[in-house]
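Just so we're aligned: 357 in this note's numbering is position 318 of the sequence shown, and the numbers increase by one with no gaps anywhere. Backbone N, C-alpha and C fix where the C-beta goes; we use that ideal spot for every residue, glycine too. Okay, so here's the structure we're looking at.
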Amino acid sequence: MPLQTPQKIFVCIMAVLLPMLPVCARNANWFHADSSTVVSLLTCAPGSIIYELEGHAALRVRQADGTDITVNWGLFDFKKPNFVYRFVKGETDYMAGAYPTAYFLREYIVTGRRVTQYDLLLTQEQKAAILKAVEENVRPENAVYRYNYVRENCATAILDHIERATGHPLVMPERPSDLADATTFRNAMRHYHRNYPWYQFGIDLALGHGLDAPIDSRELAFAPAALAAMAPEITSDGKRVFADGVALTPGEPEGTACGPTPWWLTPIAAGTAVALLALALSVRDILLRRLSRWFDSIFYLLLGLAGCVITFLVFVSTHYAASPNWLLLWINPLCLVIAVCIWFKRTYKALAVVQWLNLAGIAVYLALAAFGPLQPNSAFFLFLTADAARALTFLIIPSNVFSKKA
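In structure tokens, the structure reads:
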């Protein structure tokens, strides 16, 4: 559901205020525990913005004197110097902060997203241990942490605190039926990003083989929406950890994510169009003994630029699972050489070598996809088909007609 103007204004205001709220945590004794203290997991339904698609999680603390705060590990500051570059490089720093629960819930009321509460079924000593650790966590000198999309986030922080407080690993239930295929981080993301195909296409392009390793239910809980589905059945030392969920705000359980993208606006549609055009031009070029250099120049320029981004992520970025990325076998900076040199006859021999290397890379990638653990985006095969068609066309056309224009 798209945000209306008042909702956008509220979200913008909260985006400015929330990074300042952790200061409140050190000005009040919010983290003592007695027999009346209630500690709860809060899970928030997915939203329509890409970083909201897996939902959100936080920890609520209520005291007998009416104190009611929420600890949020999902705070970040857009105004931090070089935020975009650091985000791309994988050096995004998030913050843990505590502030009144009313502020936390207000955002979700305005945006129509359900917040569900699961009280922790722990002893007073265990709750005290959690709150002591959380109090240390939100201190200014400890509040900032290096965010990791699947290993260090709002959901994993809460589960880690619970495990340390209880002294026992959490025993997770089987995956929910709608997440039966979420056996890897990539497949879990595809489930939550199913209506955002270009976003998932970008993730599949940028992040490599590490996302394809098998994961268990504990690792699946990186997604707060998955944690919400499993919470009532999670146990520790044979005992339930969470009570049944209670909705605190109105909204549908599935959240407010946008509906399906029209098929003609998906990567599959774009890849199909590019592949068909490349095949048609290849047939024409071979029959007419010409070379459609305008197409090759644009196509390989785009592949080369994408290859530069992937190369940066593999060799410079610290993003989880950025390396290895086997897409570099055929989407790499060498494609820029083709894009430029395709216009010069004297570069034919060098380009022939590059295209043979390109075809070899394509063959290895296909073998890894067919017999290895890779889980490529389906649209990749369409762009790969276009690449292979143009490479073969270049090698088939005799060098003495290389200078002819399409």
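Quiz prompt | Segment limits, beta strand (DSSP E) that includes residue 365 | solution = First-last for residue 365: undefined, no H or E at that position.
Where do the ends of the beta strand (DSSP E) carrying residue 395 lie?
No beta strand (DSSP E) contains residue 395, which is instead part of the alpha helix (DSSP H) from 387 to 410.
Next item on the list: Please go through the stretch 208 to 260 and give each complete alpha helix (DSSP H) segment of 4 or more residues, from N-terminal end onward.
Entry: 224 to 231, 236 to 245, 256 to 259
- Between the stretch 78 to 97 and the stretch 187 to 202, do three or more beta carbon pairs fall short of 8 Å? yes
Nonlocal neighbours in the same chain, by C-beta distance under 7 Å from residue 279, ignoring five residues either side
160
**Message:** Tell me which residues share the same chain as residue 165 and place their Cβ nearer than 6 Å to its Cβ, disregarding the 5 neighbours each side in the sequence.
**Reply:** 204, 205
Q. Can you tell which of 420, 75, 364, 433 has its C-alpha closest to the C-alpha of residue 327?
A. 433
DSSP three-state label for residue 108, please.
strand
Q.
Is it the case that the stretch 184 to 192 contacts the stretch 141 to 158, given that we only count it when at least three CB pairs across the two stretches are under 8 Å?
A. no
### Message
Taking the alpha-carbon of residue 140 as reference, which of 393, 69, 132 has the nearest alpha-carbon?
### Response
69
ask   = Mind checking whether residue 336 and residue 303 have CB atoms under 9 Å apart?
value = no
How big is the Cα-Cα spacing for residue 338 and residue 403? 21 Å
Next on the checklist: Could you tell me the alpha carbon to alpha carbon distance between residue 321 and residue 429, rounded to whole angstroms?
Outcome noted: 6 Å
Could you give the distance in angstroms between the alpha-carbon of residue 151 and the alpha-carbon of residue 314?
-> 41 Å
For residue 450, I'd like the list of residues in its chain whose CB is within less than 7 Å of its CB, leaving aside the five on either flank, ordered along the chain. This structure cannot speak to residue 450, because the chain is shown only from 40 to 445.
State the Cα-Cα distance for the pair residue 266 and residue 259, rounded to the nearest angstrom.
-> 8 Å
For this session: Name the residue from 216, 376, 72 whose alpha carbon lies nearest to the alpha carbon of residue 106.
Result: 72
**Prompt:** Helix, strand or coil: how does DSSP classify residue 358 here?
**Reply:** coil
For residue 186, list the residues DSSP reports as bridge partners. In DSSP, residue 186 forms no bridge with anything.
> Helix, strand or coil: which one does DSSP assign to residue 425?
Replying inline: helix
Inter-residue spacing [alpha-carbon to alpha-carbon] between residue 263 and residue 93: 6 Å
*Cβ atoms of residue 182 and residue 135: under 9 Å apart, would you say?*
yes
| Less than 9 Å separating the beta-carbons of residue 318 and residue 418? | no
inquiry  = Does residue 323 come out as helix, strand or coil in the three-state DSSP assignment?
reply    = helix
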